[in-house]
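Residue numbers (this note's numbering): 13 to 447. For glycine and all other residues, C-beta sits at the position ideal for the given N, C-alpha and C.
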Ligand code: AMP
Ligand code: GLY
């Protein structure tokens, strides 16, 4: 099977890593890929939104299966286009990708089907939004309806902040994505990410993870795409996973099917674990980045076979085997990220990190040098590497990941030193209590 992965991030490197170990894959391509993916796959210079280019490549190179990484092309209908061309692909079509494409759609679906989520109201009119915010008071959360590259949720500690956020969004700061806003109740709890593989009708729970969105240690500072993740998420006990399936994932699958929008692909629920159980914060319609890296590290059976089964509507009775070891990814980013950062600095001794037992280096924003510099790895983005490690528990995995970080010679990069702190604190507490 010739497999084409669409995307260029750490998530896509992890997907290529999973596909490359499948006996089903006879050829692997990635559009456009990055410096690390280039070691596993043929990287083809086609942008993720160039649907004509992607279809032409699939035809010319006899691609059998396409895996779409990022949300943008999914929301814009890449799966619909590939379906029309008769090319098998993994991901939701545009009608189903609306679960990530419109927060208003998802919140209304939750309301209609009693799926637990924060109480909310939708606004297109600023005066009405102001009135509601004044009435409810802070803390409160203001969200852009459409896609906003992870920057569309503003958690406001004061009414003034919320009023300013509503003004900015409805005033056009996010373009058409911000024509509507959702204003919702602030939820208290611990966050977790829950992943389910879906075939339109069936949903198969995968492993859980937790990420660190804030740039700073202690989870402070501006939000990023994710500075690190680990799996499993200790807060997601078997009971909590079961509640998530029963109260959130399965009702969503049924509602989408009834609405003529059967969901195929990866459904990623961002959850708040509250004292009333799991509440939905938001849906994403693709693997998380860097959550995908830790999932693929723990995925023991053939990931490609599972994604093909999902795309073909054959998940009934399907099982995925997971390693019971823990996995962690520490993201190394270019200094300045998530603000302005430089590109082009050389990253040395990645092989030294990879020589450590249990450590893999998954690339995000990297590229290979050109000409005589072809063997150099250069920084080419904000998030640049994901040092991924496994171990018997999060603490062991984390120790290895930071050994990997320390082996890498890249003065222009930085990472958070506390990835996994919640899980490590839990492990330490359990150990003390056990003594
Ligand atoms: P979202 O883009 O909807 O995933 O939101 C980004 C982040 O904002 C989440 O990961 C939470 O940390 C926070 N957040 C969003 N909605 C809420 C809420 N209703 N209550 C508390 N925190 C929230
Ligand atoms: N790491 C969060 C996301 O991929 O949306």
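| Asked | Found |
| --- | --- |
| Proximity test, residue 198 beta-carbon vs the ligand AMP heavy atom, cut-off 6 angstroms | yes |
| Residue range of the beta strand (DSSP E) that includes residue 292 | 289 to 296 |
| Residue interval of the alpha helix (DSSP H) (run including residue 304) | 303 to 310 |
| Distance CB(residue 398)-CB(residue 341) smaller than 7 angstroms | yes |
| Own chain residues within Cβ distance below 7 angstroms of residue 177, not counting five before or after | 154, 166, 168 |
| Alpha-carbon spacing of residue 200 relative to residue 282, whole angstroms | 14 angstroms |
| Identified DSSP bridge partners for residue 240 | 342 |
| Endpoints, the alpha helix (DSSP H) within which residue 30 is located | 22 to 32 |
| 7 angstroms Cβ cutoff met for residue 423 and residue 350 | no |
| DSSP three-state assignment for residue 359, whether helix, strand or coil | strand |
| Boundaries (first-last residue) of the beta strand (DSSP E) holding residue 398 | 395 to 403 |
| Boundaries (first-last residue) of the beta strand (DSSP E) holding residue 264 | Element bounds for residue 264: not the beta strand (DSSP E) but the alpha helix (DSSP H), 262 to 270. |
| N- and C-terminal bounds of the beta strand (DSSP E) containing residue 252 | No beta strand (DSSP E) holds residue 252; the alpha helix (DSSP H) holding it covers 250 to 256. |
| Boundaries (first-last residue) of the alpha helix (DSSP H) holding residue 142 | 138 to 148 |
| Cβ contact check for the segment 60 to 73 and the segment 90 to 108: 3 or more pairs under 8 angstroms | yes |
| 6 angstroms CB neighbourhood of residue 248 in its chain, flanking five on each side removed | 204, 220 |
| DSSP state of residue 431 mapped onto helix, strand, coil | coil |
| Those residues, in chain order, that have a beta-carbon closer than 5 angstroms to some heavy atom of the ligand GLY | 223, 238, 300, 301 |
| Contact test: residue 233 Cβ vs the ligand AMP heavy atom, cutoff 6 angstroms | no |
| 7 angstroms Cβ cutoff, residue 443 in contact with chain B | Given the protein chain composition of this structure (a single chain), no chain B is represented. |
| Span separating the alpha-carbon of residue 100 from that of residue 107 | 17 angstroms |
| Residue range of the alpha helix (DSSP H) that includes residue 211 | Element bounds for residue 211: not the alpha helix (DSSP H) but the beta strand (DSSP E), 202 to 211. |
| heavy atom of the ligand AMP below 6 angstroms from residue 228 C-beta | no |
| Backbone CA spacing between residue 415 and residue 426 [nearest angstrom] | 14 angstroms |
| Opposing strand residues paired with residue 39 [DSSP bridges] | 14 |
| Span of the beta strand (DSSP E), counted from its first residue to its last, around residue 129 | Premise fails: residue 129 is in no beta strand (DSSP E) and is neither H nor E. |
| Same chain only: Cβ atoms within 8 angstroms of residue 117, ignoring 5 sequence neighbours per side | 110, 111 |
| heavy atom of the ligand AMP below 6 angstroms from residue 294 C-beta | yes |
| heavy atom of the ligand AMP below 6 angstroms from residue 130 C-beta | yes |
| The beta strand (DSSP E) enclosing residue 225, as first and last residue numbers | Counting along the chain, residue 225 falls outside any beta strand (DSSP E), and DSSP gives it neither H nor E. |
| Pairwise C-alpha distance: residue 306 and residue 402 | 9 angstroms |
| Contacting residues, own chain, Cβ-Cβ under 8 angstroms from residue 413 (five flanking each side not counted) | 340, 341, 342, 371, 399, 400, 401, 431 |
| Straight-line Cα distance separating residue 442 from residue 30 | 33 angstroms |
| Exposed unless 16 or more other CB atoms sit within 10 angstroms - verdict on residue 196 | buried |
| Residues sharing a beta bridge with residue 55, DSSP | 42 |
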